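Student: This is the structure, below, for whatever I ask next.
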Amino acid sequence: MKKIKASTVNKCVLVVFLLLNLNQCIQSQERFQASWESLKNYETPGWFKDAKFGIFIHWGVYAVPGYIYEWYPRHMYREGSPEFKHHVATYGTQDKFGYKDFIPMFTANKFDPDAWVKLFKKAGAKYVVPVAEHHDGFAMYNTALSKWNAVEMGPKRDIIGELAKAARKEGLIFGLSSHRIEHWWFMGEGTKFKSDVNDPKYADFYGPAKVHDPFDTAKAKTRSIMTPEFMNDWLMRCVELTEKYHPQLFWFDWWIEQPELTAYRKSFASYYYNKGLEWNKGVVLNYKNDKAFPEGTAVFDMERGKLSGIHALPWQTDDAIGNKSWGYAAGNTFKTAQYIITNLVDIVSKNGNLLLNIGPRSDGTFTNEETQALLGTGNWLAINGEAIYGTRPWKLYGEGPTESASGQFVDQQKPFTAQDIRFTAKGAVLYAITLGVPKTATTIKLLSANSNNVAIARIELMGSNEKVIWSQTADHLIVQPAKKYPSEQAVVYKITFKTNG
């Protein structure tokens, strides 16, 4: 009789357990069933609506080569690409040195989860979302569904588990992301020539490795259709992550929108929302593009983009401090605290959250540019956070001469100025935020005597005891410049209105 490996038995037992848990969770709750009609009963939890600012973390084996961007594992197998040429010149041919050979070099020897989370807290973040598995197929957590993980290889540490513990110790909400579904085609270019992707010994890592261009819409009719086996594996990995780490936010990349995955998406959403009920904690499921989830069944996320106006439902922007790469890459350039703060304000004024990404080096350290951008953002929020956390949109998001970027993959090319005003509200208090430091009087048309139904009683400069000199005319609210401003990037005026009687 052929001897069965203990690891295989353990994996089978886990899969059965996860399937039973998934089915029981879906069936035991009447509120959420695996249908869009049922999932429309979902409501975004208060913690997410109040938090406004979170940290995303792209960290994995791809940080070892750290070349161009985090899609190195795909493009190093794409003949003729800069990554392909760099790889051959630096490490040798792909049949002799493949992506798998970077894993032992991914030591994470300076990774300190407590120090990381303390930095995030200083930055003013309220939630943390590390990537549990990126497109490359290397799991950063303790999984029984694949030996290719950070506990058995590379760092030999449960990166996700350690970050979850550190985040909760500091009072931050813990979430995670899965990019597993894109692995269906991510390593496919390596099948076209002599490379280790074709070696059967590594099929459980590189596979399925389908030849497919996800961005070639002209070939949509001939795209590679995922098998039930792969989709079941995706679902089980999502359930395993949920069971082990209890994330209150689960973020998915765009390719989950494939039509063959529809039933699996609904199953996971109903299971996950029912888990939230079981935990008595509000949970958030993030998706991109309207093909993945109908509006109102999950929380919409925009990559490197923004909405043009106030959205009725809470939403999120995921953006990176790095301009060229989400993961660590030598030569990357970075956004400043000024950019981050003013765009955070713009997003919050429109009922959104900002999930800001950092890309640690392979040893677990951050670049100085990222660290300083985070600390600068935190310094501003320490003074002005009242105008961000726990706020809701006002009747209008703002005014000013600078057009806000709108849509996905559109950075704010033209910087905001002190003449650009954004509004947030908390109860009866209105916050008017200038997206720069005024050198002359600030004029706000939307708060003129004619346009505002309620007269202003008092205006305070957040973080300062200096008396604010202002006047309300028929056409404008005019606020005179302060002698000294408490913040260097943006200024917050706290406005209280007169009450009747």
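Count along the sequence shown from 1, add 82, and you get the number used in my numbering.
Backbone N, C-alpha and C define an ideal beta-carbon position, used for all residues, glycine too.
Since we're looking at a predicted model, the values are computed, not measured.
1) Taking the beta strand (DSSP E) that N368 falls in, what are its first and last residues?
2) Out of D177, F188 and A205, which one is the CA nearest neighbour of Q454?
3) Enumerated in chain order, which unbroken segments of the beta strand (DSSP E) with a length of 3 residues or greater are wholly contained in the region 493-552?
4) Using a threshold of 8 Å, state whether the C-beta atoms of G460 and G142 are closer than that.
5) Can you tell me where the beta strand (DSSP E) holding G136 begins and where it ends?
6) Which same chain residues, not among the five before or five after P164, have their C-beta less than 6 Å away from its C-beta?
7) Between P563 and V519, what straight-line distance do the alpha-carbon atoms span, to the nearest angstrom?
8) Would the beta-carbon of K370 fall within 8 Å of that of E385?
9) Taking the alpha carbon of R239 as the point to measure from, which residue in F256, D194, G270 and I255 has its own alpha carbon closest?
10) Flag this pair as yes or no: are the beta carbons of I150 and F202 separated by less than 8 Å?
11) Quick one: which unbroken alpha helix (DSSP H) runs of 4-plus residues sit fully inside the region 130-180? Chain order, please.
12) When you compare the region 318-334 with the region 242-255, are there three or more beta-carbon pairs, one atom per stretch, that lie closer than 8 Å?
13) Would I241 be called buried (16 or more neighbouring beta carbons within 10 Å of its own) or exposed?
14) Who pairs with S260 in a beta bridge, going by DSSP?
15) In the structure shown, what three-state DSSP assignment does T304 receive?
16) Under 8 Å: do the region 437-452 and the region 470-480 share three or more Cβ pairs, one atom per stretch?
17) Who are the near neighbours of Y181 in its chain, counting only those whose CB is closer than 6 Å to its CB and skipping five residues on each side?
18) Counting C-beta neighbours from all protein chains within 10 Å, is the total for V574 16 or more, i.e. buried, or is it exposed?
19) Measuring straight from C-alpha to C-alpha, what distance separates W129 and L331?
20) Rounded to a whole number of angstroms, what is the C-alpha to C-alpha distance between S117 and K348?
21) Using a Cβ-Cβ cutoff of less than 7 Å, which residues in the same chain neighbour A539 once the five nearest sequence positions on both sides are dropped?
22) How many angstroms separate the CA atom of I139 from the CA atom of V366?
23) From L66 to T424, what distance separates their C-alpha atoms?
24) Measuring alpha carbon to alpha carbon, tell me which residue in Q494, D177, T273 and E119 is nearest D401.
25) Alpha carbon to alpha carbon, what distance is there between L456 and F416?
26) DSSP state of D445, grouped into three classes?
27) Roughly how many angstroms separate the alpha carbons of L395 and E481, rounded to a whole number?
28) Look at the Cβ atom of H169, then the Cβ atom of M158, and state whether they are nearer than 8 Å.
29) Excluding sequence positions up to five away, which residues of its chain have a Cβ less than 7 Å from the Cβ of G472?
30) Using 8 Å as the threshold, is the region 209-219 in touch with the region 259-266, meaning 3 or more CB pairs across them?
31) Can you name, in chain order, every residue of its own chain whose Cβ lies under 6 Å from the Cβ of T449, other than the five neighbours on each side?
32) In whole angstroms, what is the alpha-carbon distance linking I503 and L528?
33) Measuring alpha carbon to alpha carbon, tell me which of D335, F350 and M313 ends up nearest E342.
34) Report the partner residues of E593 according to the DSSP bridge assignment.
35) Within the region 204-253, note down every full alpha helix (DSSP H) run reaching 4 residues or more, in order along the chain.
36) Report the rounded CA-to-CA distance for S277 versus N231, giving the unit in angstroms.
Tutor: This is what the structure holds:
1) What you label residue 368 is simply residue 286 of the sequence shown in a count that begins at 1. It spans V366 to Y369 - the beta strand (DSSP E) in which N368 sits, taken as one unbroken run.
2) Along the sequence shown, read from residue 1 onward, the residue named residue 454 stands at position 372. It is A205 whose Cα lies nearest to the Cα of Q454.
3) 503-508, 511-516, 524-526 and 538-543
4) For the purposes of this step, residue 460 is taken as the residue at position 378 of the sequence shown. For the purposes of this step, residue 142 is taken as the residue at position 60 of the sequence shown. For G460 and G142, no; Cβs fall outside 8 Å.
5) Sequence index remark: in the sequence shown, residue 136 carries index 54 (1-based). Segment F135 to I139, the beta strand (DSSP E) holding G136.
6) Locating residue 164 in the sequence shown gives position 82, counting from the first residue. So no residue of the chain qualifies.
7) Along the sequence shown, one-based indexing puts residue 563 at 481. Along the sequence shown, one-based indexing puts residue 519 at 437. Going from the Cα of P563 to the Cα of V519 covers about 9 Å.
8) Numbered from 1 along the sequence shown, position 288 holds the residue referred to as residue 370. Numbered from 1 along the sequence shown, position 303 holds the residue referred to as residue 385. Cβ atoms of K370 and E385: closer than 8 Å.
9) The sequence position of residue 239 within the sequence shown is 157, counting from 1. When each option's Cα is compared against that of R239, the closest is D194.
10) Within the sequence shown, numbered from 1, the residue matching residue 150 stands at position 68. Within the sequence shown, numbered from 1, the residue matching residue 202 stands at position 120. No.
11) 154-157 and 164-173
12) yes
13) Within the sequence shown, residue 241 is the residue found at index 159, counting from 1. Its Cβ being crowded by 16 or more others within 10 Å, I241 is buried.
14) Counting from one through the sequence shown, the residue named residue 260 turns up at place 178. E215 and F334.
15) By one-based count along the sequence shown, residue 304 stands at place 222. DSSP places T304 in helix when its eight states are reduced to three.
16) no
17) Working through the sequence shown from its first residue, we reach residue 181 at position 99. The residues are P155.
18) Counting from 1 along the sequence shown, the entry for residue 574 is found at position 492. Buried, because 16 or more other Cβ atoms sit within 10 Å of the Cβ of V574.
19) Sequence index remark: in the sequence shown, residue 129 carries index 47 (1-based). Sequence index remark: in the sequence shown, residue 331 carries index 249 (1-based). Roughly 11 Å between the two C-alpha positions.
20) Counted from its first residue, the sequence shown places residue 117 at position 35. Counted from its first residue, the sequence shown places residue 348 at position 266. Each residue's alpha carbon lies about 6 Å from the other.
21) In the sequence shown, the residue the question calls residue 539 occupies position 457. T578, F579 and K580.
22) Here residue 139 corresponds to residue number 57 of the sequence shown, with the count starting at 1. Here residue 366 corresponds to residue number 284 of the sequence shown, with the count starting at 1. Whole-angstrom Cα-Cα distance: 17 Å.
23) Lying before the first or after the last residue shown, residue 66 is absent from the chain, which here runs from 83 to 583.
24) For the purposes of this step, residue 401 is taken as residue 319 along the sequence shown, with counting starting at 1. Minimum Cα distance to D401 is reached at Q494.
25) For the purposes of this step, residue 416 is taken as the residue at position 334 of the sequence shown. For the purposes of this step, residue 456 is taken as the residue at position 374 of the sequence shown. Approximately 11 Å, taken between the alpha carbons.
26) Mapped onto the sequence shown, residue 445 falls at position 363. Coil.
27) Reading the sequence shown from its first residue, position 313 is the one you call residue 395. Reading the sequence shown from its first residue, position 399 is the one you call residue 481. So the alpha carbons of these two residues sit roughly 21 Å apart.
28) Looking up residue 169 in the sequence shown gives position 87. Looking up residue 158 in the sequence shown gives position 76. Yes, they are a contact pair.
29) Position 390 of the sequence shown, counting from 1, holds the residue named residue 472. Correct list, in chain order: D132 and K508.
30) yes
31) Within the sequence shown, residue 449 is the residue found at index 367, counting from 1. None.
32) Residue 503 sits at position 421 when you count from the first residue of the sequence shown. Residue 528 sits at position 446 when you count from the first residue of the sequence shown. Each residue's Cα considered, the two are about 10 Å apart.
33) For the purposes of this step, residue 342 is identified with residue 260 of the sequence shown, where counting begins at 1. The shortest C-alpha separation from E342 is found at M313.
34) This structure does not reach residue 593, given that the chain is present from 83 up to 583, and the question cannot be answered.
35) 241-251
36) As a first step, residue 277 must be located in the sequence shown, where it is residue number 195. As a first step, residue 231 must be located in the sequence shown, where it is residue number 149. Spanning the two alpha carbons is a distance of roughly 22 Å.
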